[in-house]
Every structure is written in structure tokens, then in C-alpha cells.
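Novice:
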Amino acid sequence: MVTVGARELKTRLGTYLRRVREGSVILVTERGRPVAELRPLPTAASDEEEKLLDLAARGLVTLGTARLRPFIEPVPVRGGSVATTIVEERDDRF
């Protein structure tokens, strides 16, 4: 892990971003105290999938087997706005 001060990072940001893209983790300090960490983003879903598979192998989670149902189709509203329809429905009951 590379450690860099905030001022140095600001001055040479492009250099440090290139290092992060190449896989380095950079610890950012301010007055000698760690304040942030720059690291590459995880690669798509593969890292998350690996973690889930590992948890499933250890029996800590159960993976789902069914596909999610599609969204429910919206109910067609007759006439004007939703508010108007609600008022009409209430009038029918009273």
C-alpha cells in the first residue's frame, strides 16, 4: 500500500489515479493521519458472486433458486387523473 499526503495527492493526482487503475491501493493522509483510501473499483459482479458462493459453501447463506416475477402491470385508469378516479370510487360507496 502506498501512503501519500493530501497535498502531494492533489499535486500529482493523475499519477496516483494511474496507479490505482493498475491495482494499487493508496492511503491518503492529512498531517500524518490516515483520512481516506483510494482503491480500484471491484470488477462488475464477479467479486460479489464469488463472495456469495463462498458464503453458500460455508453454509452461511442459501442462494435463491427461483427467478423474480415480472413487475405487475399497471391497472388501467378510466377517464382523468388518479385523484378524480379515487373521488369517483368513494362517491360510489356512499
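For the sequence shown, the numbering used here assigns the number 3 to the initial residue and increments by one for each residue that follows. C-beta atoms are modelled at their ideal positions from N, C-alpha and C, and glycine is treated no differently.
1. Helix, strand or coil: how does DSSP classify GLU39 here?
2. Could you tell me the alpha carbon to alpha carbon distance between LEU11 and GLU50, rounded to whole angstroms?
3. Along the chain, where does the beta strand (DSSP E) containing VAL22 start, and where does it finish?
4. Taking VAL30 as the reference, which of ARG9, ARG71, PRO44 and ASP94 has the closest Cα?
Specialist: Taking the structure as given:
1. GLU39: strand per DSSP, three-state reduction.
2. Taking the straight line joining both Cα atoms gives about 30 Å.
3. For VAL22, there is no enclosing beta strand (DSSP E); the enclosing alpha helix (DSSP H) covers residues 15-23.
4. Selection ARG9, ARG71, PRO44 and ASP94 evaluated against VAL30 yields ARG9 as nearest (Cα-Cα).
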